[in-house]
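Participant: One structure, as structure tokens, below. Some questions next.
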Amino acid sequence: MTGAEPRPYRIAVIGTGPRGLAVVERLAARLAEAPTAVPVELYAMDAVQVGPGRIWRTSQPRWLLMNTPAGEVTMFSGPPDDGPTRAGAGPSLAQWWQAFDPAGHPHAYAPRALYGQYMRYVLNRVDGGLPGWARLHRFYAQVADVHENPDGRYRLTLHDGRQLVVDRVVLTTGHARPTLDPPQRALAEFAATRPHLRYLRGDSAADLPLARIPARARVGVLGLGLSFYDVLIALTVGRGGTFTEDAGGALHYRASGREPHVLAGSRSGIPILARGRNQKPGEHAYRPRLFTHERMLAARARGPLDFGTDVLPWLLAEVDLVYLAAVIRRRFGADVADRFVAEAEAATAGPGDRDADPRAVLHRIAGRLGVGDLPPVDLYAWSRRFAGRDFSGPDEFHRELAALLRHDLDLAEEGNVDGPFKACLDAIRDVRGVIRTAVDYRGLTPASHRDEFLGWFVPVSASLTTGPPRERQRQLLALVEAGVLGVVGPELRWGADPETDAFYVESPRVAGSRSTVDVLIDARIPGPDLRRETGLLALLRDRGLLTNHVNAGPDGDFVTGGVSVTRSPFHPVRADGRPEQGMYVLGIPTEHTRWFTQVGSGRPGTWGDFIADADAIAGDALRGAPLDEIAELAEPVTVAEPVGSGG
Ligand SMILES: Cc1cc2nc3c(=O)[nH]c(=O)nc-3n(C[C@H](O)[C@H](O)[C@H](O)COP(=O)(O)OP(=O)(O)OC[C@H]3O[C@@H](n4cnc5c(N)ncnc54)[C@H](O)[C@@H]3O)c2cc1C
78 MTGAEPRPYR IAVIGTGPRG LAVVERLAAR LAEAPTAVPV ELYAMDAVQV GPGRIWRTSQ
138 PRWLLMNTPA GEVTMFSGPP DDGPTRAGAG PSLAQWWQAF DPAGHPHAYA PRALYGQYMR
198 YVLNRVDGGL PGWARLHRFY AQVADVHENP DGRYRLTLHD GRQLVVDRVV LTTGHARPTL
258 DPPQRALAEF AATRPHLRYL RGDSAADLPL ARIPARARVG VLGLGLSFYD VLIALTVGRG
318 GTFTEDAGGA LHYRASGREP HVLAGSRSGI PILARGRNQK PGEHAYRPRL FTHERMLAAR
378 ARGPLDFGTD VLPWLLAEVD LVYLAAVIRR RFGADVADRF VAEAEAATAG PGDRDADPRA
438 VLHRIAGRLG VGDLPPVDLY AWSRRFAGRD FSGPDEFHRE LAALLRHDLD LAEEGNVDGP
498 FKACLDAIRD VRGVIRTAVD YRGLTPASHR DEFLGWFVPV SASLTTGPPR ERQRQLLALV
558 EAGVLGVVGP ELRWGADPET DAFYVESPRV AGSRSTVDVL IDARIPGPDL RRETGLLALL
618 RDRGLLTNHV NAGPDGDFVT GGVSVTRSPF HPVRADGRPE QGMYVLGIPT EHTRWFTQVG
678 SGRPGTWGDF IADADAIAGD ALRGAPLDEI AELAEPVTVA EPVGSGG
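Note that the working numbering has the sequence shown beginning at 78, numbered continuously upward.
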């Protein structure tokens, strides 16, 4: 290149967890396809590790596992081809893992640290495949602030005061660490004045100071979800305990003596249930028959929806369809099951009567085919099996819980295709995209959004569909048997008790369940809430660049706490109502504007939202860099010196 060097066009991606990495990957793939007239510089920036980010940092213990089978995970936007591994063409996590470790089966659950290594590998390959007119800079840095420059660009200030001016900013800052709410603050303050007590706020287990909990301490855990399993494994296997299998296949725990005693509970009193044995290939794509995008789009055309009336009946009909088809297949064979599905689809096709119950139609057809003995799936009853029950004491509760968990393991063993129970729950995962079509961007009325959807459906379905690998549930049973873990019971209550100078946990449904504990761990990952943000997002909020997504309607406003963004490519909506065209916000901070943003990877096969969303941002961000004419990046490049080497 001769004459004056063109000013490079710079794009900063702030936060390189899966979302940020996906954007970098798509930027690189697009750059390789279409030369730009000016050099392009990509800045991948992360405060913890560039590539893996915080949740998947490579330095976490190996016993913390993913809860997505490796065959369903990819960070490349296309499969490997004859060419080199590069943006747009590379292996899934399972393919990469298998190449050096026989444990890397597509149905296996990888350690989180291993996924972090894969993400770093992806970033290296993306970097290595960049064309001559583009360059990647890895910044191991906390971005403290972003200001608008008078020339329309953005000035990033790093934690150490260094500055960098860029043309486009992508905010993929992921999981929040919001300020404590008043009840949490009261618990933290109670512990702060008593050296023998500790209160640990909800966070990724890898980032909780669990090692400081003394052996034999009494530990209360709030929540029985995925983080609870992480905390449990860290306090047992992480303390040197081991699991052994006896001749009959039962698992037993051999304690190291360094474990604390754990007492855990939740609203339902039931640990989140294991997912069914995976029988679906990584590229599996489910075609909804009844709960379709078209049906939900047509419903939305009539105005904001009521989740319970307009969405749930069709969603549950799809769940019933999968359930009944699996039962019919088992009883009468695949041909009859296929006939059932085809007849059900035909009978519910077309606009139909808005008040007709599609589930009744399904059950009538199933009855004709010889399966008339099954009630419709009742998600609430399945997720709250102890609702309204009272127990004479912890022994009775534990007996019942163990029976429930063992039965659930049998159901999980039947598989997520052949087993009717786990297959129909897995269908809810498969139709998440259709749920999004119905609810995103104010699809529901404010009250329905807040109460029916977020207040009822989301927790109920999460407790049934987002569970850990089966092995974790077996380990939990062994820990109860070994006396290391007690599950307190339903409707968990907890608090600080000045009289005993300790925290307490109890279930009003289990007589004699009240116990004092020295450590209280909140094992619930905090959701995003712009009102309680700290740091970068809070500064942008205070200057009106980021605003709260409000679902407004005649029955009142619902201030969701999610960042308000436009539809794709997801520009933040400023306080004055204008989209900020040079910025993008993707993933968890935008939860509630969109639903189910807590996604950790793309999936091999056809592009889902995860990759399509990243690509839309990449396409829009590059639009500011003139195309057509090939420009080679001159040496040396003058940029702010990298603050660190990237993890
Ligand atoms: C413990 C845990 C386990 C999970 N397991 C799974 C799973 O198995 N499968 C699955 O699909 N999903 C899983 N999830 C859901 C999860 O939401 C995603 O996997 C994923 O990490 C979200 O990606 P992200 O890029 O949006 O956010 P994150 O992974 O949180 O990444 C955001 C990044 O931004 C960085 N950052 C934030 N602010 C700044 C700043 N100001 N400057 C610089 N960097 C900044 C952070 O350091 C972080 O690395 C899990 C979540 C948790 C918490």
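By construction, the Cβ of each residue, glycine as well, lies at the ideal position given by its N, Cα and C atoms.
Predicted model only: the values in this text are computed from it and were never measured.
Kindly identify the DSSP beta-bridge partner or partners of Glu583.
Facilitator: On the sequence shown, position 506 is the one that residue 583 refers to. Per the DSSP secondary-structure output, Glu583 pairs in a beta bridge with Arg570.
Participant: Going along the chain, which unbroken runs of the beta strand (DSSP E) with 3 or more residues stay wholly within the segment 182-219?
Facilitator: 211-217
Participant: Using a 10 Å radius around the Cβ and a threshold of 16 neighbouring Cβ atoms, would you call Ile347 buried or exposed?
Facilitator: Position 270 of the sequence shown, counted from the start, is the residue given in the question as residue 347. Under this definition Ile347 is a buried residue.
Participant: Helix, strand or coil for Pro83? Go by DSSP, reduced to three states.
Facilitator: As a first step, residue 83 must be located in the sequence shown, where it is residue number 6. In the structure shown, Pro83 sits in coil (DSSP, three-state: anything other than H, G, I, E or B).
Participant: Report the partner residues of Gln675 according to the DSSP bridge assignment.
Facilitator: Translated into positions along the sequence shown, residue 675 becomes position 598. Answer is none; Gln675 lacks a bridge partner.
Participant: Spell out a yes or no on whether the segment 199-209 and the segment 162-178 are touching, meaning 3 or more CB-CB pairs, one atom from each, closer than 8 Å.
Facilitator: yes
Participant: Would you kindly report the start and end of the unbroken beta strand (DSSP E) that includes Glu322?
Facilitator: Counted from its first residue, the sequence shown places residue 322 at position 245. Here the beta strand (DSSP E) through Glu322 covers 319-322.
Participant: Out of Pro545, Arg366, Phe468, Val404, state which residue places its alpha-carbon closest to the alpha-carbon of Glu491.
Facilitator: If you number the sequence shown from 1, residue 491 lands on position 414. Selected option, being the one with the closest Cα: Val404.
Participant: How about Val314 and Trp140: are their beta carbons less than 7 Å apart?
Facilitator: Mapped onto the sequence shown, residue 314 falls at position 237. Mapped onto the sequence shown, residue 140 falls at position 63. Yes, they are a contact pair.
Participant: Do you know how far the Cα of Ala702 is from the Cα of Thr249?
Facilitator: The residue given as residue 249 occupies position 172 in the sequence shown. The residue given as residue 702 occupies position 625 in the sequence shown. If you take the alpha carbons of Thr249 and Ala702, they lie about 21 Å apart.
Participant: Helix, strand or coil for Glu360 per DSSP?
Facilitator: Walking along the sequence shown from the start, residue 360 turns up at place 283. Reduced to three states, the DSSP call for Glu360 is coil.
Participant: So, are the CB atoms of Ala695 and Val100 less than 7 Å apart?
Facilitator: For the purposes of this step, residue 695 is taken as the residue at position 618 of the sequence shown. For the purposes of this step, residue 100 is taken as the residue at position 23 of the sequence shown. Closer than 7 Å, so yes.
Participant: At the level of alpha carbons, what is the spacing between Ala218 and Val125?
Facilitator: As a first step, residue 218 must be located in the sequence shown, where it is residue number 141. As a first step, residue 125 must be located in the sequence shown, where it is residue number 48. One C-alpha to the other measures close to 8 Å.
Participant: For Ile442 versus Glu422, is the C-beta distance shorter than 7 Å?
Facilitator: Within the sequence shown, the letter at position 365 stands for residue 442. Within the sequence shown, the letter at position 345 stands for residue 422. In this structure, Glu422 does not lie closer than 7 Å to Ile442 by Cβ.
Participant: In three-state DSSP terms, what is Arg644?
Facilitator: Taking the sequence shown and counting its residues from 1, the one referred to as residue 644 is at position 567. In this structure, Arg644 counts as coil in the three-state DSSP scheme.
Participant: Here's the rule: buried if 16 or more other CB atoms are within 10 angstroms of the residue's CB, otherwise exposed. What is Gly520?
Facilitator: Mapped onto the sequence shown, residue 520 falls at position 443. Label assigned to Gly520: buried.
Participant: From Ala332 to Gln550, what does the alpha carbon distance come to, in whole angstroms?
Facilitator: Taking the first residue of the sequence shown as 1, we reach residue 332 at position 255. Taking the first residue of the sequence shown as 1, we reach residue 550 at position 473. Rounded to the nearest angstrom, the two C-alpha atoms are 18 Å apart.
Participant: Should Thr151 go down as buried or exposed, given a rule of 16 or more other Cβ atoms within 10 Å for buried?
Facilitator: In the sequence shown, the residue the question calls residue 151 occupies position 74. The residue is buried, with at least 16 neighbouring Cβ atoms inside 10 Å.
Participant: Report yes if the C-beta of Gln219 is less than 6 Å from at least one heavy atom of ligand 1; otherwise report no.
Facilitator: Your numbering for residue 219 matches position 142 in the sequence shown. If you check the C-beta of Gln219 against ligand 1, you find a heavy atom less than 6 Å away.
Participant: Determine the burial state of Pro95: buried for a count of at least 16 other Cβ atoms within 10 Å of its Cβ, exposed for fewer.
Facilitator: Position 18 of the sequence shown, counted from the first residue, corresponds to residue 95. The residue in question, Pro95, is buried, as its Cβ has 16 or more Cβ neighbours within 10 Å.
Participant: Please state if the CB of Val511 and the CB of Phe368 are separated by a distance shorter than 7 Å.
Facilitator: Walking along the sequence shown from the start, residue 368 turns up at place 291. Walking along the sequence shown from the start, residue 511 turns up at place 434. Yes; because the gap between Cβ atoms is below 7 Å, this pair is in contact.
Participant: If we ignore side chains and look at the alpha-carbon of each, how far apart do Ala268 and Arg476 end up?
Facilitator: As a first step, residue 268 is located in the sequence shown; it is residue number 191 there, counting from the start. As a first step, residue 476 is located in the sequence shown; it is residue number 399 there, counting from the start. Each residue's alpha carbon lies about 33 Å from the other.
Participant: In the structure shown, what three-state DSSP assignment does Glu266 receive?
Facilitator: As a position in the sequence shown, residue 266 is number 189, starting the count at 1. Correct three-state label for Glu266: helix.
Participant: Looking at Leu393 and Phe417, is the spacing between their C-beta atoms short of 7 Å?
Facilitator: As a first step, residue 417 must be located in the sequence shown, where it is residue number 340. As a first step, residue 393 must be located in the sequence shown, where it is residue number 316. Contact flag unset, no.
Participant: Ligand 1 and Thr670: does the residue's C-beta get closer than 6 Å to at least one heavy atom of that ligand?
Facilitator: Translated into the one-based positions of the sequence shown, residue 670 becomes position 593. No; taking the cut-off as 6 Å, the Cβ of Thr670 has no heavy atom of ligand 1 nearer than that.
Participant: Beta-carbon separation of Arg316 and Arg335 under 7 Å?
Facilitator: The sequence position of residue 316 within the sequence shown is 239, counting from 1. The sequence position of residue 335 within the sequence shown is 258, counting from 1. Taking 7 Å as the Cβ cut-off, Arg316 and Arg335 qualify as a contacting pair.
Participant: For chain D, find out if any of its Cβ atoms is closer than 7 Å to the Cβ of Leu309; answer yes or no.
Facilitator: In the structure shown, chain D does not exist; there is a single protein chain.
Participant: Using 8 Å for Cβ pairs, my map puts Asp244 next to Tyr86. What's the rounded Cβ distance?
Facilitator: Reading the sequence shown from its first residue, position 167 is the one you call residue 244. Reading the sequence shown from its first residue, position 9 is the one you call residue 86. That belief holds up - the Cβ atoms of Asp244 and Tyr86 are roughly 5 Å apart, short of 8 Å.
Participant: Pick out whichever of Thr145, Pro168, Leu142 has its Cα sitting closest to the Cα of Phe153.
Facilitator: As a working note, residue 153 is residue 76 in the sequence shown. Here the closest residue by C-alpha is Pro168.
Participant: Does ligand 1 have even one heavy atom less than 6 Å from the beta-carbon of Gly664?
Facilitator: Within the sequence shown, residue 664 is the residue found at index 587, counting from 1. Yes.
Participant: Phe463: which of Leu382, Gly342, Ser281 sits nearest, CA to CA?
Facilitator: As a working note, residue 463 is residue 386 in the sequence shown. Sorting Leu382, Gly342, Ser281 by C-alpha distance to the C-alpha of Phe463 places Gly342 at the top.
Participant: Can you check which of these residues, Thr514, Ser136, Asp507, Leu382, is closest to Val494 by C-alpha distance?
Facilitator: Stepping through the sequence shown from its first residue, residue 494 is reached at position 417. The shortest Cα separation from Val494 among Thr514, Ser136, Asp507, Leu382 belongs to Asp507.
Participant: What does a CB cutoff of less than 6 Å around Ile88 pick up in its chain, not counting 5 residues either side in sequence?
Facilitator: The residue given as residue 88 occupies position 11 in the sequence shown. Around Ile88: Leu119, Arg245, Ala698.
Participant: Can you check whether the CB of Pro523 is closer than 7 Å to the CB of Phe635?
Facilitator: Along the sequence shown, one-based indexing puts residue 635 at 558. Along the sequence shown, one-based indexing puts residue 523 at 446. Yes; because the gap between Cβ atoms is below 7 Å, this pair is in contact.
Participant: Could you give the distance in angstroms between the alpha-carbon of Ser485 and the alpha-carbon of Ala378?
Facilitator: Residue 485 sits at position 408 when you count from the first residue of the sequence shown. Residue 378 sits at position 301 when you count from the first residue of the sequence shown. Here the sequence assigns Asp to residue 485, which means Ser is not the residue at that position. Cα-Cα distance, rounded: 41 Å.
Participant: When the distance is taken between beta carbons, is Leu663 closer than 7 Å to Phe647?
Facilitator: Here residue 647 corresponds to residue number 570 of the sequence shown, with the count starting at 1. Here residue 663 corresponds to residue number 586 of the sequence shown, with the count starting at 1. Leu663 is positioned such that its CB atom lies closer than 7 Å to that of Phe647.
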